[in-house]
Amino acid sequence: MAYLDAIAPGSSVSIEPATWRDLNDLRHLEKVCFPKDAWPLLDLIGLLTWPNLIRLKAVNAGVMIGFVACDLRPADNLAWIATIGVLPEHRRRGIGRALLLAVEQQLTLPRVRLNVRVSNQAAIHLYLELGYQRAGVWSGYYQDGEDALVMEKQL
Ligand SMILES: CC(C)(COP(=O)(O)OP(=O)(O)OC[C@H]1O[C@@H](n2cnc3c(N)ncnc32)[C@H](O)[C@@H]1OP(=O)(O)O)[C@@H](O)C(=O)NCCC(=O)NCCS
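Structure (structure tokens):
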């Protein structure tokens with residue numbers, strides 16, 4: 133798979149569909165990756181079970197080390213990255229990039245969007261590198277009042 137080229141050579145990481153069986157791993161990953169914005173348990177259950185979502189996990193030695201979920205919105209002619217995270221000890225090895233590319237490969241909609249804290253330089257760098265462009269700002273979007281940058285990529 134071409135998106136696996138993004139991952140550091142020699143690594144044994146795979147990208148696989150995630151299911152409700154991954155709930156505990158996902159709860160852990162969300163808490164670690166989003167100390168301020170972790171999704172509540174019910175939303176995480178929805179994320180793993182709702183229709184019209186692509187959900188993929190990065191797995192290393194049988195353990196989930198990364199996750200991405202993408203909401204398909206055909207009525208709006210776009211898809212929306214709902215969440216993406218990689219455990220800190222596995223970052224900067226191309227896993228976030230591989231997860232995003234793997235989702236994009238499955239999309240048949242013409243555009244994909246996401247929102248990100250304006251201070252989240254790591255994520256913004258990743259999105260810019262993959263061809264996402266700034267599409268707007270939602271003022272005070274996050275609970276602590278921080279603005280969200282909206283980014284979009286034409287597929
Ligand atoms: C954002 C996140 C998913 C990136 O995951 P990752 O696996 O470390 O990303 P990758 O290794 O695939 O990085 C790909 C590119 O993104 C950019 N990037 C990633 N982390 C970066 C950082 N800390 N600083 C600057 N650029 C960064 C770089 O261009 C990098 O390429 P390079 O390593 O060849 O320079 C990860 O940092 C994370 O989980 N953060 C916490 C959760 C989060 O903020 N999610 C996004 C919410 S919108």
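Everything in the sequence shown is counted per the numbering used here, starting at 133 for the first residue and increasing by one. Glycine is no exception: its CB is placed at the ideal position from the N, C-alpha and C atoms.
Can the beta-carbon of residue i be found closer than 8 angstroms to that of residue j?
i	j	result
ALA214	VAL248	no
LEU204	ALA211	yes
ALA255	LEU188	no
PRO220	VAL164	yes
LEU155	ILE177	yes
LEU136	ALA230	yes
GLU162	GLY228	no
LEU239	LEU287	yes
Give the DSSP-derived three-state secondary structure of residue i in the structure shown.
i	result
GLU162	helix
THR151	coil
LEU287	coil
GLY178	helix
ASN156	helix
LEU219	coil
Looking at ligand 1, does it come within less than 7 angstroms of residue i, judged from the CB to the closest heavy atom?
i	result
GLN253	yes
GLY226	yes
GLY114	Since the first and last residues shown for the chain are 133 and 287, residue 114 lies out of range.
ILE216	yes
ALA138	yes
VAL248	yes
PHE199	no
CYS165	yes
GLU261	yes
Which partner residues of residue i appear in the DSSP bridge assignment?
i	result
LEU210	ARG205, ARG243
ILE186	CYS202
GLN265	GLU284
TRP171	In DSSP, TRP171 forms no bridge with anything.
With 8 angstroms as the threshold, decide whether the Cβ of residue i is near any Cβ in chain D.
i	result
ARG249	The structure shown contains no chain D; it is built from a single protein chain.
field: Every unbroken alpha helix (DSSP H) within the region 226–260, with a cutoff of 4 residues, ordered by chain
entry: 227–238
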